[in-house]
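Working notes, beginning with the structure itself.
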Amino acid sequence: MALVNVGSIKDTFVLIAGILFIITGADARAEQQCKTPWVRRHGESRCYLIIDSQGLNWHDAYQVCHQNGGSLVSINSKDEESYLAGRLAGSSMDFFWIGATDVDVELGWVWGDNSPFSYFNWAPGEPDNYRDEEDSVMLNKTSMKWSDVQASLAIGTICEMRAGKFYGCASGWVSHQNSCYLILQEKKTWLKAQSVCRDKEAELASISSKLENQFIWSQVPYGCEDRNSSCAVLAQTGGCPENATYTNVNCRKSCGLCDSACANLYATPSCDYWASIGECTKNPFWMWPNCALSCGCDRATNEGYWIGFNDRGTSMNFVWSDLSPVTYAYWMRQEPDNVQGKREDCVLMHSATGEWSDEDCERPSSGFVCEKPKSFMDQRTVDASAMGCSFGSVGYTGKCFTKVTFAKTWPDALVVVVLVVVVVVVVVVVVVVVVVVVVVVVVVVVVVVVVAA
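With mature numbering (1 follows the signal peptide of the UniProt record, and there is no 0) as the guide, the letters of the sequence shown map in order to residues -28 to -1, 1 to 425.
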């Protein structure tokens, strides 16, 4: 006996989707408030985090604020300063870092979040740049006056963020520390790759540490598809044995390309050697179409991605295209070699190892890596990598969510649908019963009162 006519399965899903929309919509509105332990200033769209449990130097304070989705506070009015004075009154620390700095231009004070430097409250005689070593600013909680000091002091920290915002990267970009990276699989010369990055308000990546190099290398595609993808098409090259090797970690029976479109991504290879299918011991490169019985080329020319390193100005004097200081390099053996006197002035990161080599700037590579600083973004659903989430997750409002999918046959799926319908029906029935009981109670009370009267 059907208690409620729920219509078709499609109608049921529409009903469930509507309920979920209402729930998630309400949650999204709630997310405009500040997450604990951030505190929102009443009537304003700013959230503040006071860190006074331990003293931090300026660089650590900067990192902690950014890791928590904000930045060192920028004080833009007397009202904001008065609000902070109230927040700091009960703190055990007397001095706090704020976001003003002149590290780029001496006495050219700016806020770390790029807001206008239109309000200031310097202590008498400040800023004085004592011993030419004071590029950071601290706040005295008693006087609320500012002083320029050395960045090595261990004091309290005031972080700030915008309500309903997160500090991260746009969809399609991947997040690491304070930068966003875009990996593009497009055959471009170095200069054309640089132009594409600049059109996106970015630069070809500059790499300052082993950790950053390893991160970028972990993101560049290795073979036909990236490490975490599945092949939509397994294109055979002919003569493949039944237990042929795979071209990608998820492509189990293919000795050809994962997708014919991959052929357009790479230049013609020049191989040091070819390994037969039976000799493959590691996740191989993609299959070049003219190599029938192989699992990949161990070192294909231009099997890599342009980065910003180059010596286009002076031969063998390598610099970053964004003028970042050179603090790290990871050359392949016998590189850079400027082979045979050719103008190999641009640097490639090789997909297989993450090592670098100098190459002809005019020869198209497999792709290139763009980089730009993180910025404040609206809180919305974005790619997991843009939020710094793990693969397979979705980033939303500063958190990472993973969708877990269970394999179901059609009968299994039908059972799930039926269970959902039953739950909905039970809820409706319970609500109806409660309403009926309430009505009956009210009627009985009214009757008793009338009779008694």
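We treat Cβ as the ideally placed atom computed from N, Cα and C, and that holds for glycine.
Quick caveat: nothing in here was measured; it's all calculated off a predicted structure.
Residue range of the beta strand (DSSP E) that includes residue i
{"i": "I70", "result": "F67 to T73"}
{"i": "D100", "result": "Note, D100: premise wrong, no beta strand (DSSP E); not H, not E."}
{"i": "D330", "result": "W328 to E331"}
{"i": "L111", "result": "S108 to N112"}
{"i": "D317", "result": "Looking at the DSSP string, D317 is not in any beta strand (DSSP E), and its letter there is neither H nor E."}
{"i": "F281", "result": "G276 to N282"}
Which of helix, strand or coil DSSP assigns to residue i
{"i": "Q149", "result": "coil"}
{"i": "H322", "result": "strand"}
{"i": "F340", "result": "strand"}
{"i": "G27", "result": "strand"}
{"i": "P34", "result": "Before going further, note that residue 34 is Tyr rather than Pro in the sequence given. Residue state, collapsed to three classes: helix."}
{"i": "W303", "result": "strand"}
{"i": "E184", "result": "helix"}
{"i": "E78", "result": "coil"}
{"i": "D120", "result": "strand"}
{"i": "L154", "result": "strand"}
{"i": "L295", "result": "coil"}
{"i": "W10", "result": "coil"}
{"i": "S347", "result": "strand"}
{"i": "S64", "result": "coil"}
{"i": "S43", "result": "strand"}
C-beta atoms of residue i and residue j nearer than 7 Å
{"i": "E175", "j": "S293", "result": "yes"}
{"i": "E275", "j": "S338", "result": "yes"}
{"i": "E307", "j": "C318", "result": "no"}
{"i": "I47", "j": "V109", "result": "no"}
{"i": "Y102", "j": "V341", "result": "no"}
{"i": "Y161", "j": "E334", "result": "One detail in the question is off: residue 161 reads as Thr in this sequence, not Tyr. Yes, the pair counts as a contact, with Cβ atoms nearer than the cut-off."}
{"i": "residue 428", "j": "I130", "result": "With the chain represented from -28 up to 425, any question about residue 428 goes unanswered, as that position is not in the structure."}
{"i": "Y34", "j": "L44", "result": "yes"}
{"i": "D104", "j": "M65", "result": "no"}
{"i": "G128", "j": "F68", "result": "yes"}
{"i": "Y300", "j": "W328", "result": "no"}
{"i": "S63", "j": "Y91", "result": "no"}
Neighbourhood of residue i by C-beta distance below 6 Å, restricted to the same chain and skipping five residues each side
{"i": "V11", "result": "Y20"}
{"i": "A(-3)", "result": "Any answer about A(-3) is weak, because its pLDDT of 36 lies below 50 and its placement is not dependable; what the coordinates show is given next. So the list is empty, once near-sequence residues are dropped."}
{"i": "residue 429", "result": "What the structure shows of the chain is the stretch from -28 to 425, and residue 429 is not part of that stretch, so it cannot be assessed."}
{"i": "V396", "result": "none"}
{"i": "R170", "result": "none"}
{"i": "G27", "result": "A126 and I127"}
8 Å CB neighbourhood of residue i in its chain, flanking five on each side removed
{"i": "S178", "result": "I279, G280, F281, W292, S293, D294, S296 and E343"}
{"i": "A95", "result": "N112, S115, K117, W118 and S119"}
{"i": "D100", "result": "E106 and D120"}
{"i": "G58", "result": "none"}
{"i": "K314", "result": "D332"}
{"i": "A61", "result": "K113"}
Residues near residue i in its chain [Cβ-Cβ closer than 7 Å; skip 5 each side]
{"i": "N29", "result": "A123, S124, L125 and A126"}
{"i": "N93", "result": "E53, M116, K117 and W118"}
{"i": "C6", "result": "R12, C19 and A135"}
{"i": "A424", "result": "none"}
{"i": "Q149", "result": "none"}
{"i": "Q166", "result": "L176 and S293"}
{"i": "W83", "result": "S46, G71, A72 and F89"}
{"i": "E98", "result": "W118, S119 and D120"}
{"i": "H31", "result": "A123"}
Boundaries (first-last residue) of the alpha helix (DSSP H) holding residue i
{"i": "K164", "result": "W162 to D171"}
{"i": "G128", "result": "Here G128 belongs to no alpha helix (DSSP H); instead the beta strand (DSSP E) covers I127 to R134."}
{"i": "D51", "result": "K50 to L60"}
Candidates the options: closest to residue i by CA position
{"i": "T8", "options": "H31, G15, G41 and D32", "result": "G41"}
{"i": "N185", "options": "G97, V421 and G326", "result": "G326"}
{"i": "H38", "options": "V398, V420 and P345", "result": "P345"}
{"i": "S87", "options": "Y55, E132 and L56", "result": "E132"}
{"i": "N289", "options": "D309, W83 and V168", "result": "D309"}
{"i": "L163", "options": "V411, D283 and V417", "result": "D283"}
{"i": "D85", "options": "G140, V421, S347 and V390", "result": "S347"}
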